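For the sequence shown, position 375 (counting from the first letter as 1) is numbered 375 according to the UniProt record's numbering, and the numbering increases by one without interruption.
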Amino acid sequence: MGENILKSTIELNIEPEETLPQFLLRKAHEHFENEKTIWMLDAVTEESHTFGNFEEETRKVASFLFKRGMRKGDVAIYMNADIVHNQIFLAGVWRANGIARASYPEDDQETLLSRLEESKAGWIYCEREAVDMCKDAASYVDWDVDVIVQGEELGCVSFTELLEDDGCECPESLTTMDDPALILCTSGTTGRSKGAVHTHKSFLYSIVSATGQIPLVDDQPNLIVSKGTHVTGALLPFAALIAGKLALVLPIITKENLFHAVDKYKPAFIWGFPTFICELVNGSGVEEFDFSSVQYVASGGTLVTPTIEGVIRELPGLEAVITVFGLTESPLVCSTIDMEEGGAKAFDDVPGFSVGKVSPGVTLTIRDPETGNILGLHERGEICVKSELNFSHYLNNEEATENSFIDGYFKTGDLGYFDEVGFIFIVDRLKEIFKYYNNHISPTEIEDVINQHEAVKEVSVIGIEDPEGGGSIPRAVVTVKNEEVTSEEILEFANERLPDYKKIRGGLFILEELPRGKTGKITRNLVAQLNLGE
């Protein structure tokens with residue numbers, strides 16, 4: 001740590017001559033030779049894919065797509081949440097020298113059409129429920145679009161056809177490390193969702209980095225609770241592939257599927273959003289299931305507050321809670337894994353609200369959001385990251401790309417700071433912090449106080465306009481475990497523990513559920529749109 005620039009002492013060592021599919025194929029073959037069997041297992045359907053079949057299955061997909069006209073740089077959209085098939089499709093697209101583009105399964109026709117037109121995609125891989133919408137969207141463009149679907153649907157290509165191809169026309173690799181491989185949707189929480197373009201190099205580096213910072217285990221399954229169109233849903237199953245581990249995945253993310261998967265398959269590791277993992281502790285009906293196998297819980301995408309971590313630590317067999325800070329544009333920035341200890345040991349002394357220390361291959365600065373100047377110890381500013389893991393650009397959006405970088409550092413949009421030993425702390429999203437009489441208020445800090453009430457299950461805090469002209473005041477919405485508790489009780493509990501300027505003057509409301517965005521996270525801009533009957 002010099003001149004307020006934080007950098008990991010660990011380097012990422014990757015063979016630069018290999019593209020993403022070449023690296024995956026080599027690793028799958030190595031693990032097959034070492035008698036590894038199942039790589040990925042669907043916890044609901046029990047469908048599985050093996051290390052030994054990876055080359056053949058992806059070759060067949062690539063051959064099929066090549067026969068249907070895919071050439072270098074062509075784009076295939078996938079909007080299927082079903083990870084067990086998505087990973088084979090993605091690798092097949094890459095072997096055909098194509099580019100995969102994610103679109104959320106919840107996207108409407110207008111959004112899908114805009115992605116279709118923007119990327120000139122010739123293929124859409126979707127769920128059966130979306131077939132009509134995809135066919136309608138395809139009818140508006142002046143090129144042919146294949147709609148690929150699980151099962152049989154009129155006018156569509158069945159995914160089974162791809163796997164039944166003879167595989168004889170899988171093309172030779174024409175891509176380079178700097179060519180685009182994957183276009184992911186940004187969350188859109190602070191504006192219109194953009195397409196973040198990852199190259200073969202950036203996504204490969206992200207996968208390799210994940211294997212060192214996420215404690216996947218050898219002798220038990222590793223449960224990945226993430227949508228296939230989300231960055232972790234695309235990344236983590238491939239991390240399991242190159243590490244020779246078993247990835248257990250959910251085609252549909254529900255509390256019931258989570259409970260049954262943990263009870264039946266006994267995973268030692270779980271990746272998921274922290275509030276969802278809390279269901280394993282305080283969800284209704286937990287007493288009917290055995291969750292004692294869970295030793296490691298890892299999470300990213302939202303801050304694990306001390307209160308939420310305390311709930312997760314009530315799991316009976318838990319050894320560590322791992323926090324990973326990353327974004328669609330830069331998947332692994334910091335983590336609470338001590339890389340000096342071989343990448344398998346969590347820091348023993350992580351302070352509350354910290355996301356750990358900078359990841360291998362990452363350089364980090366804290367900058368004044370207005371001037372861009374680099375800040376020092378304990379000074380709050382925007383977290384900016386330079387890394388081989390960073391995306392290359394936003395698709396067809398030069399202005400947004402230019403505005404997202406400063407001196408080669410990606411501006412994350414998160415407000416944070418660092419301490420004397422290099423721990424990074426996140427305060428909140430810059431655009432979600434608000435002022436009350438010139439005092440900055442972080443919604444996350446208030447949420448952590450509310451979460452300390454024993455009846456609170458989930459919480460979201462937003463700022464609303466102060467009718468008395470003081471700027472913005474906090475408003476909270478919660479779900480509860482105990483229906484007998486009142487909003488007044490929770491409000492009084494929180495306000496007693498908050499300084500005057502942070503008191504919840506905008507009211508606290510109990511709801512049956514909180515709105516979630518397309519990635520599965522509770523989303524504050526959706527909370528702000530709620531009609532609370534005022």
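By construction, the Cβ of each residue, glycine as well, lies at the ideal position given by its N, Cα and C atoms.
Fair warning: this is a prediction, and the values are worked out from it, not measured in the lab.
- Judged by their CB atoms, Thr365 and Asn4 are nearer to each other than the 8 Å cut-off.
- Judged by DSSP secondary structure, Trp39 falls within the beta strand (DSSP E) whose first and last residues are 38-42.
- Judged by beta-carbon spacing, Leu223 lies beyond the 8 Å limit of Ala196, meaning their Cβ atoms are not closer than that value.
- DSSP, read as helix, strand or coil, puts Asp132 in helix.
- For secondary structure counted as the alpha helix (DSSP H) over 4 or more consecutive residues, the segment 58-140 holds these complete runs in sequence order: 83-95, 109-119, 131-138.
- Short of 6 Å from the beta carbon of Val358, and not among the five residues preceding or following it, lie these beta carbons of its own chain, in chain order: Leu6, Ser8, Cys334, Leu364.
- Closest in alpha carbon position to Leu20, among Tyr205, Thr519, Gly376, is Tyr205.
- In the structure shown, Gly212 adopts helical secondary structure according to DSSP, grouped into three states.
- Secondary-structure assignment with DSSP links His393 through a beta bridge to Val197.
- Rounded to whole angstroms, the gap between the alpha carbons of Gly301 and Gln87 is 21 Å.
- The DSSP-derived three-state label of Leu204 is helix.
- Per DSSP, the unbroken beta strand (DSSP E) holding Thr50 starts and ends at 48-50.
- A contact between stretches requires three or more CB pairs, one per stretch, nearer than 8 Å, and the segment 412-428 fails this requirement with the segment 452-463.
- Of Ala494, Leu216, Arg516, the smallest CA-CA separation from Gly507 is found for Ala494.
- Contact between Thr519 and His230 holds: their C-beta atoms lie close to 5 Å from each other, under 8 Å.
- Membership of Thr401 in the alpha helix (DSSP H) is indicated by the continuous run 398-403.
- Look at Tyr437 here: in three-state DSSP terms it is coil, with no helix or strand label.
- In this structure, Ile183 sits away from Thr211, with a CB-CB distance that is not shorter than 8 Å.
- Rounded to the nearest whole angstrom, the C-alpha separation of Ile441 and Ile322 is 27 Å.
- Around the Cβ of Trp143, a 10 Å sphere holds fewer than 16 other Cβ atoms; the residue is exposed.
- Taking C-beta atoms under 8 Å as the contact rule, Arg115 and Val149 fail to qualify, at a distance of about 18 Å.
- By the criterion of a C-beta distance shorter than 6 Å, Val297 is surrounded in its chain by Ile270, Ile277, Ile312, Val321, once the five residues flanking it on both sides are discounted.
- The Cβ neighbour count for Glu447, taken over all protein chains shown within 10 Å, is at least 16; the residue is labelled buried.
- Annotation for Gly92: Thr58, Val61, Ala62 place their beta carbon closer than 6 Å to its own, counting only its chain and skipping 5 residues before and after.
- Here DSSP, grouped into helix, strand and coil, assigns Asn222 to strand.
- The closest CA to that of Glu382, considering only Ser173, Gly376, Pro369, Tyr394, is found on Pro369.
- Taking 8 Å as the cut-off, the beta carbon of Met79 is found no closer than this to the beta carbon of Ala121.
- Under the criterion of beta carbons closer than 8 Å, Leu248 and Ala81 do not qualify as touching, at roughly 15 Å.
- With a cutoff of 8 Å on beta-carbon distance, Val427 and Tyr409 are scored as not near each other.
- Glu55 counts as buried, since no fewer than 16 other beta carbons sit within 10 angstroms of its beta carbon.
- No residue range can be given for Glu496, since it is assigned to no beta strand (DSSP E) and is classified by DSSP as neither H nor E.
- Shown here, Ile337 sits in a strand according to DSSP, grouped into three states.
- In this structure, the CA atom of Pro316 is about 18 Å from the CA atom of Pro306.
- For Pro474, the enclosing beta strand (DSSP E) stretches over residues 472-480.
- Under the three-state reduction of DSSP output, Arg26 falls in the helix class.
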